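K.L.:
I have a structure I would like to understand better, so I am pasting it below and will then ask my questions one at a time.
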DNA sequence: GGAAGTTCTGGAAGCGCTTCCAATGTTTCC
DNA sequence: GGAAACATTGGAAGCGCTTCCAGAACTTCC
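Protein chains in written order, with my numbering: chain X, 953 to 1293; chain C, 953 to 1293.
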């Protein structure tokens, strides 16, 4: 059987309290005693039982990461950032994968009640009024990532500014018919990106044309942030009279589908249709896609850092960090060719 | 404060033992009593404390997934399979990300001693002799994924057969100078894939040419399974006298780099150089890369299923499941064009 | 020299559960 | 009618830790 703290105490000829104190290097202990205990620990290859410790302390040293089905480039990068910071603080991460956003509450309930984790990172998922209240009331640490909230801590990205950047860039390339392919508007980022698009049009005195905004509803998986939706939307856009010569697409995955549609129709990018995506996922490099970069790694790091701070200190100032985006110019927007001239 | 089992017991007018039994629906309990307890539970919104339960049962209902820096398409798909199965069994997954394979032991030690998890899935990482012994001795459930072992349970893929398939396919397309771009040979899969390649050459009476095997050592990140290594290797291959007209590349990420190199050199795929990759990561679709598909999702599922079985039953028969691969024909090998004729 | 601190240490109590044992009530069977 | 078997329940003990309290061993100070 695994050695317990009692075995260590006996071996070192001290009390269990002393062993515990050495383990948590709390209060002053004679260097000599400490060495003895440390010796015994090493000899027995003792390591504290995580559950027992958790129960006694009411702290688990784990945090939950709740995110939508994480099979996306987007989340990989975010997870990398989270990972790095979490390791630094010697925390463990428990991953909860939500395939249906409506079921988010289920996980929020579990994490709150079961007390398996010390805090929660809720990624790209909305929190219901009910659970917002519960978390606040319980003072249970939670940080929203890729999401904003008036009453909760959050780390997000300036979606509007990003969309604005993308659209403005296309207009600056000389396009006057600039369309947008968006995801389902029930998604908050989709809404905000649309706002940015509209604002850019307005600021540049380009009229907003209703039919130039295409949202495919053939495939609403992941709120329309998927390849097929982008493909379908582009097909639809190509059928438009006086179709746009440039399009801002609300995500890179959709853009990948759109590019495919263009290719199939024998159209060239950027000559026949200039494109700017959003997210700067790894794929964008391969496709030569001009896109909006979000500092995902940094966001992950920041979120974890703040969450751990919240776990340690009961009263912390609320954090609502909003990272800004930047444009990454590749081949799909036509700006590079211009540079070469 | 959160309600405990005592609160529930008091409210329902029963003993804590009874509540516990209802919770674990063990032994017989009068339906009437059961209803009363269930009522009390609902009224108090009671949920058992995971740590306390874990301590008492010596079971955590969590499993560790130890994998190399998981920022790869490869692991996403695997994780999806793991995820699905784990959810089915109501387990939680704790992710441990190992950036340096040499540090694997550190995590193996923690999981074994801290008893934070009931079992371990060790993905794509070698296990040292020392820890193999320890795990066996402790009877601690562990399943290797994407790895084989004589004495431990494992779920892997037929790398040799896959490489054989790929190489044979290229030869069948009429190529007589078929090269291979491999990763670092210290990686076991890289070795085995090389074997498959050689075997295919031999079986088809194509001589093995030493210089046609290119392994870039400019970038050995992830044992050479990276984009840059593929790019460099292809550049090198293009400089060869009587260079190959077809190449089997040991991973899709490397193939992506190789394609880039070809493109830069103004060469066309598959006309000037036919290519078959390995892994069938999502990117392969976008690139039109012919490749070897591994049933990653299924592997993840199987591994979890077996691990849970091991956790439940002390003595289980050893599982050494080896999934077979299949060829996915896309544009990069030239077979499609043939079909069209 | 002894009261009053100070420093270090031992171990009981308690964290919230499961599980075992004993107790009580109920039925069955001769 | 009573012994034996069975069904149901209550609650103590124990899982392995932390923490608090009290005691022991030294110092310090008048």
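We put the beta carbon where it would ideally sit given N, CA and C, even for glycine. Quick caveat, the model's predicted, so the values are computed rather than measured.
Identify the continuous alpha helix (DSSP H) that holds residue 1256 of chain C and give its terminal residues.
P.N.:
As a working note, residue 1256 of chain C is residue 304 in the second chain. Unbroken alpha helix (DSSP H) run through residue 1256 of chain C: 1248-1264.
K.L.:
Using a threshold of 8 Å, state whether the C-beta atoms of residue 1129 of chain X and residue 1196 of chain X are closer than that.
P.N.:
Translated into positions along the first chain, residue 1129 of chain X becomes position 177. Translated into positions along the first chain, residue 1196 of chain X becomes position 244. Contact: yes.
K.L.:
Is residue 1018 of chain X near residue 1059 of chain X, with beta carbons less than 8 Å apart?
P.N.:
Counted from its first residue, the first chain places residue 1018 of chain X at position 66. Counted from its first residue, the first chain places residue 1059 of chain X at position 107. Cβ atoms of residue 1018 of chain X and residue 1059 of chain X: closer than 8 Å.
K.L.:
Please identify the residue among C:1048, C:1084, C:1065 and C:997 whose C-alpha is closest to the C-alpha of residue 1065 of chain X.
P.N.:
On the first chain, residue 1065 of chain X is found 113 positions in, with the first residue counted as 1. Closest by alpha carbon: C:997.
K.L.:
Taking C-beta pairs closer than 9 Å, name the residues in chain C that residue 1046 of chain X reaches, listed in chain order.
P.N.:
One-based indexing of the first chain puts residue 1046 of chain X at position 94. Residues of chain C passing the Cβ test: 1014, 1044, 1045, 1046 and 1047.
K.L.:
What does a CB cutoff of less than 7 Å around residue 975 of chain C pick up in its chain, not counting 5 residues either side in sequence?
P.N.:
Against the second chain, residue 975 of chain C aligns to sequence position 23. Excluding positions up to five away in sequence, the list reads 1000.
K.L.:
Got a sec: is the Cβ-Cβ distance from residue 1253 of chain C to anything in chain X below 8 Å?
P.N.:
Residue mapping note: residue 1253 of chain C aligns to position 301 of the second chain, counting from 1. Output row for residue 1253 of chain C: interface = no.
K.L.:
If we cut at 8 Å on Cβ distances, does residue 1238 of chain X have a partner in chain C?
P.N.:
As a working mapping, residue 1238 of chain X is identified with position 286 in the first chain. Residue 1238 of chain X counts as touching chain C.
K.L.:
Looking at the structure shown, is residue 1147 of chain X part of a helix, part of a strand, or coil, going by DSSP?
P.N.:
For the purposes of this step, residue 1147 of chain X is taken as the residue at position 195 of the first chain. It is helical.
K.L.:
Under a three-way DSSP split, which group does residue 991 of chain C fall into?
P.N.:
For the purposes of this step, residue 991 of chain C is taken as residue 39 along the second chain, with counting starting at 1. Helix, per DSSP.
K.L.:
Is the shortest distance between the beta-carbon of residue 1035 of chain X and the beta-carbons of chain C less than 8 Å?
P.N.:
Counted from its first residue, the first chain places residue 1035 of chain X at position 83. Chain C contact via Cβ: present.
K.L.:
Taking three-plus beta-carbon pairs below 8 Å as touching, is the segment 1221-1231 of chain X in contact with the segment 999-1014 of chain X?
P.N.:
As far as the Cβ criterion goes, the segment 1221-1231 of chain X does not touch the segment 999-1014 of chain X, which means the pair count is below three.
K.L.:
Tell me, please, whether the segment 1102-1117 of chain C touches the segment 1041-1060 of chain C by the rule of three or more beta-carbon pairs shorter than 8 Å.
P.N.:
Cβ pair count under 8 Å is below three, so no.
K.L.:
Thinking C-beta only, is residue 1235 of chain C closer than 8 Å to residue 1221 of chain C?
P.N.:
Within the second chain, the letter at position 269 stands for residue 1221 of chain C. Within the second chain, the letter at position 283 stands for residue 1235 of chain C. It is not a contact, given that the beta carbons lie outside the stated cut-off.
K.L.:
I need the DSSP call for residue 1293 of chain X, collapsed to helix, strand or coil.
P.N.:
As a position in the first chain, residue 1293 of chain X is number 341, starting the count at 1. Only weak support exists for where residue 1293 of chain X lies, its pLDDT of 45 falling under 50; the coordinates are left without a value.
K.L.:
Run through the DSSP bridge pairs and tell me what residue 1080 of chain X is partnered with.
P.N.:
As a first step, residue 1080 of chain X must be located in the first chain, where it is residue number 128. In DSSP, residue 1080 of chain X forms no bridge with anything.
K.L.:
For residue 1194 of chain C, does the count of other Cβ atoms within 10 angstroms reach 16, so buried, or fall short, so exposed?
P.N.:
Position 242 of the second chain, counting from 1, holds the residue named residue 1194 of chain C. Residue 1194 of chain C comes out exposed.
K.L.:
Closest by CA to residue 1192 of chain X, which one among X:1205, X:1204, X:1161 and X:1200?
P.N.:
As a working note, residue 1192 of chain X is residue 240 in the first chain. Selected option, being the one with the closest Cα: X:1161.
K.L.:
How is the alpha helix (DSSP H) around residue 961 of chain C delimited, first residue to last?
P.N.:
In the second chain, residue 961 of chain C corresponds to position 9, counting from 1. First-last of the alpha helix (DSSP H) with residue 961 of chain C: 957-964.
K.L.:
Does the count of Cβ pairs from the segment 1144-1153 of chain C and the segment 1172-1182 of chain C closer than 8 Å reach three?
P.N.:
Because the criterion of three Cβ pairs below 8 Å is not met, the segment 1144-1153 of chain C and the segment 1172-1182 of chain C do not touch.
K.L.:
Using a Cβ-Cβ cut-off of 8 Å, state whether residue 1293 of chain C counts as contacting chain X.
P.N.:
The residue given as residue 1293 of chain C occupies position 341 in the second chain. Caution is warranted here: a pLDDT of 45 is assigned to residue 1293 of chain C, below 50, making its placement in the model unreliable, and no coordinate value can be reported.
K.L.:
In chain C, which residues lie less than 8 Å from residue 1001 of chain X when you measure between Cβ atoms?
P.N.:
To locate residue 1001 of chain X, count along the first chain from 1; it is residue 49. By Cβ distance, chain C contributes 1007, 1066 and 1067.
K.L.:
Would you check if there are 3 or more beta carbon pairs closer than 8 Å linking the segment 979-991 of chain C to the segment 956-964 of chain C?
P.N.:
Yes, the segment 979-991 of chain C is in contact with the segment 956-964 of chain C.
K.L.:
As an exercise, report each continuous beta strand (DSSP E) stretch of at least 3 residues that is fully enclosed by the segment 1035-1102 of chain X, in chain order.
P.N.:
Fully enclosed beta strand (DSSP E) runs of 3 or longer: 1044-1050, 1071-1075 and 1094-1097.
K.L.:
Are residue 1110 of chain X and residue 1253 of chain X touching if we call contact CB-CB under 8 Å?
P.N.:
Counting from one through the first chain, the residue named residue 1110 of chain X turns up at place 158. Counting from one through the first chain, the residue named residue 1253 of chain X turns up at place 301. No.
K.L.:
Please report the straight-line C-alpha distance between residue 1201 of chain C and residue 1087 of chain X, rounded to a whole angstrom.
P.N.:
The residue given as residue 1201 of chain C occupies position 249 in the second chain. The residue given as residue 1087 of chain X occupies position 135 in the first chain. About 51 Å.
K.L.:
For residue 1269 of chain X, count neighbouring Cβ atoms within 10 angstroms of its own Cβ and tell me buried if that reaches 16, exposed if not.
P.N.:
Your numbering for residue 1269 of chain X matches position 317 in the first chain. Residue 1269 of chain X is exposed by the Cβ-count criterion.
K.L.:
Check this for me: beta carbons of residue 1123 of chain X and residue 1156 of chain X, under 8 Å apart or not?
P.N.:
Walking along the first chain from the start, residue 1123 of chain X turns up at place 171. Walking along the first chain from the start, residue 1156 of chain X turns up at place 204. Going by C-beta atoms, residue 1123 of chain X is nearer than 8 Å to residue 1156 of chain X.
K.L.:
What in chain X is Cβ-close to residue 1235 of chain C, meaning under 9 Å?
P.N.:
Counting from one through the second chain, the residue named residue 1235 of chain C turns up at place 283. Within 9 Å Cβ-Cβ: 1234, 1235 and 1238.
K.L.:
If you measure from the beta carbon of residue 1028 of chain C to each beta carbon in chain X, is any gap under 8 Å?
P.N.:
Within the second chain, numbered from 1, the residue matching residue 1028 of chain C stands at position 76. Yes, its Cβ sits closer than 8 Å to a Cβ of chain X.
K.L.:
CB-CB under 8 Å to residue 1288 of chain X, same chain, minus the five flanking residues each way: which ones, in chain order?
P.N.:
To locate residue 1288 of chain X, count along the first chain from 1; it is residue 336. 1281 and 1282, listed in sequence order.
K.L.:
Would you tell me roughly how many angstroms separate the C-alpha atoms of residue 1046 of chain X and residue 1015 of chain C, rounded to the nearest one?
P.N.:
Within the first chain, the letter at position 94 stands for residue 1046 of chain X. Within the second chain, the letter at position 63 stands for residue 1015 of chain C. Approximately 10 Å between the Cα atoms of the pair.
K.L.:
Starting from the beta carbon of residue 1208 of chain C, find every residue of chain X whose beta carbon is closer than 7 Å, and list them in chain order.
P.N.:
Here residue 1208 of chain C corresponds to residue number 256 of the second chain, with the count starting at 1. Simply 1238.
K.L.:
State the start and end residues of the unbroken beta strand (DSSP E) segment that holds residue 1106 of chain X.
P.N.:
Along the first chain, one-based indexing puts residue 1106 of chain X at 154. Here the beta strand (DSSP E) through residue 1106 of chain X covers 1105-1109.
K.L.:
Whose Cβ in chain X lies nearer than 9 Å to the Cβ of residue 1135 of chain C?
P.N.:
Here residue 1135 of chain C is taken as the residue at index 183 of the second chain, counted from 1. Per Cβ cutoff of 9 Å: no residues; residue 1135 of chain C is ~19 Å from chain X at best.
K.L.:
Work out the CA separation of residue 1264 of chain C and residue 958 of chain X for me, nearest whole Å.
P.N.:
As a position in the first chain, residue 958 of chain X is number 6, starting the count at 1. As a position in the second chain, residue 1264 of chain C is number 312, starting the count at 1. Cα to Cα, residue 958 of chain X sits roughly 29 Å from residue 1264 of chain C.
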